[in-house]
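Written out below as structure tokens is the structure these notes cover.
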Amino acid sequence: MPKNSLVVMDNASFHKSEKTKELVKKFSCRLLFLPPYSPDLNPIEKFWASMKAKIKKIADGIKSLSVCVETVFQTI
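Below, the structure written as structure tokens:
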């Protein structure tokens with residue numbers, strides 16, 4: 011992770027853990043905590059929604075799920 015990166019986090023308890031604080035300090039990151047109950051402000055939520063929609067279009071069963079996920083990741 012590049013120094014001074016902005017990391018966007020929700021308020022999950024593990025995001026505020028000592029381990030997280032150590033990593034933030036180690037990489038000199040800036041943190042942005044989103045307000046509670048605001049997934050619409052979290053960019054990663056849009057990414058996962060897009061991923062799920064693409065996977066639903068091509069998945070035909072649980073056995074092919076890993077293949078679908080890999081296929082969709084390659085399109086990013």
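Numbering (the working numbering), first residue to last: 11 to 86.
No residue lacks a Cβ here, since even glycine has one placed at the ideal position from N, Cα and C.
Check                                                                                                                  : Outcome
Coil, strand or helix - residue 19 by DSSP                                                                             : strand
Among 47, 17 and 26, nearest to residue 37 - alpha-carbon criterion                                                    : 17
Bounding residues of the alpha helix (DSSP H) (the contiguous stretch that carries residue 33)                         : 28 to 37
Close-in-space but distant-in-sequence residues of the same chain around residue 40 (CB under 8 Å, 5 per side omitted) : 14, 15, 16 and 17
C-alpha distance - residue 33 paired with residue 25, whole-angstrom precision                                         : 11 Å
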